[in-house]
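**Q** In UniProt numbering, the protein residues as written are 1 to 422.
Ideal placement from N, C-alpha and C gives every residue a C-beta, glycine not left out.
1) Just reading off the alpha helix (DSSP H) that residue 195 is part of, what are its end residues?
2) I'd like the span of the alpha helix (DSSP H) that includes residue 358, first residue to last.
3) Would DSSP call residue 392 helix, strand or coil?
4) Measuring CA to CA, which of 176, 169 and 299 is closest to residue 413?
5) What number of angstroms, rounded off, separates the C-alpha of residue 211 from the C-alpha of residue 288?
6) What first and last residue would you give for the alpha helix (DSSP H) that runs through residue 296?
7) One question on the structure: do residue 307 and residue 373 come within less than 9 Å of each other, judged by their Cβ atoms?
8) Please go through the same chain and pick out, in chain order, the residues whose beta-carbon is closer than 6 Å to the beta-carbon of residue 146, but skip the five residues on each side of it.
9) Report yes if the C-beta distance between residue 381 and residue 346 is below 9 Å; otherwise report no.
10) For residue 235, report the span of its alpha helix (DSSP H) as first-last.
11) Going straight from the alpha carbon of residue 214 to that of residue 348, what length do you get?
12) Could you pull the start and end residues of the alpha helix (DSSP H) that residue 338 belongs to?
13) State the Cα-Cα distance for the pair residue 401 and residue 239, rounded to the nearest angstrom.
14) Under 8 Å: do the region 163-181 and the region 119-138 share three or more Cβ pairs, one atom per stretch?
15) When the Cβ atoms of the region 316-336 are set against those of the region 376-393, are three or more pairs found closer than 8 Å?
16) Rounding to the nearest angstrom, what Cα-Cα distance links residue 230 and residue 220 in this structure?
17) Rounded to whole angstroms, what is the Cα-Cα separation between residue 410 and residue 404?
18) Tell me where the alpha helix (DSSP H) around residue 374 begins and ends.
19) Thinking C-beta only, is residue 206 closer than 9 Å to residue 104?
20) Around the Cβ of residue 143, are there at least 16 other Cβ atoms within 10 angstroms (buried) or fewer (exposed)?
21) How far does the alpha helix (DSSP H) with residue 311 in it extend, from its first residue to its last?
22) Tell me, to the nearest whole angstrom, how far the beta carbon of residue 202 is from that of residue 186; I am working on the premise that it is less than 8 Å.
23) Under a three-way DSSP split, which group does residue 419 fall into?
24) Please report how far the alpha carbon of residue 298 lies from the alpha carbon of residue 311, in whole angstroms.
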């Protein structure tokens, strides 16, 4: 009996005697291992983008055999197009016009803060911030995939997201990388039941991009999914259950992010929801209408037009995303019910891209029906997790590698020459 008691009490004694240093090591060691797994993929792809930027930045503007010397700054500014123009302008000048309110304030505010501290070029600071945020997003994606699935799948998820064609946007001076970092962090905390951290990250995501508010229904879905497994739910112990409901108040932090921005807009422009108005390019469109416009462009224009290349590319993205999200729910590769919140977030991001297909503060381009899809698809984490699961088939793995990264490099060249509309 005494032997049994000592055996039972030994673990508790040893756990209570763990030093704070050991506790810190146990906490951060898994993250260090995750960083070592992610870093090679990240660094190699950044090196490739750097080389392409150097070669393209020098060779594209100059004729063959030219001895004219460009400046490093002029090469860097080949990335200064589209949303980067508006984000950097907001960081340096603020919201001087109501038409810019479609861009949410957290990213420009961070760039402005860094500029006031280091007095460097805002474009440089914006790109550094985006690339560091993307590294953190990959790190959280790895941990999310590893803890919910397995390590091999986590590595492939990170690789597949990093080389995805439109992932080049995560290197530009835009809010996308920061949004992904905060969104993945919120999803990771949700899966771990860290409700207040999930709400905080969700609020910051909502301050970074309007679609961050989609994390609110995802929060509620995950909360009640975990609550259903609690003994008090199964035993109908309503007193105990009421105590378990307290953390749901953390979900209110997410729409609070919108509320903070809306309050600031009311103070400056006397318009609480200015970011939803048509002059920002954020016109609502029924999802089926957006899809109809997409097919209309394809069938009413020549195959050999700039408009149709955009339309066909975005149709490919849409079919790719829809197919993988559906396969997450049905078929031999479907995920378990416990992963429902991650799948739901993917569908919501896709639905938002179809409902608000055009970019903020940009004229509606009838020749580019779904430009917002190019960024939104990156937030649908389960697309890349399922793709990683399918990556166990070597033919699919190698096919993806041979198609995705070269296409990303091509789009980088298009961006450097200010041709592709992002």
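**A** Walking through what the data contain:
1) Residue 195 -> alpha helix (DSSP H) spans 195-208.
2) Note, residue 358: premise wrong, no alpha helix (DSSP H); not H, not E.
3) coil
4) 169
5) 19 Å
6) 287-300
7) no
8) 154
9) yes
10) Per DSSP, residue 235 belongs to no alpha helix (DSSP H) and is neither H nor E.
11) 7 Å
12) Residue 338 -> no alpha helix (DSSP H), and no H or E assigned at all.
13) Roughly 54 Å separates the two Cα atoms.
14) yes
15) Here the region 316-336 makes contact with the region 376-393; the two share three or more CB pairs at distances below 8 Å.
16) 16 Å
17) 10 Å
18) 373-376
19) yes
20) buried
21) 306-329
22) The C-beta separation of residue 202 from residue 186 comes to about 4 Å, placing the pair in contact by the 8 Å criterion.
23) coil
24) 6 Å
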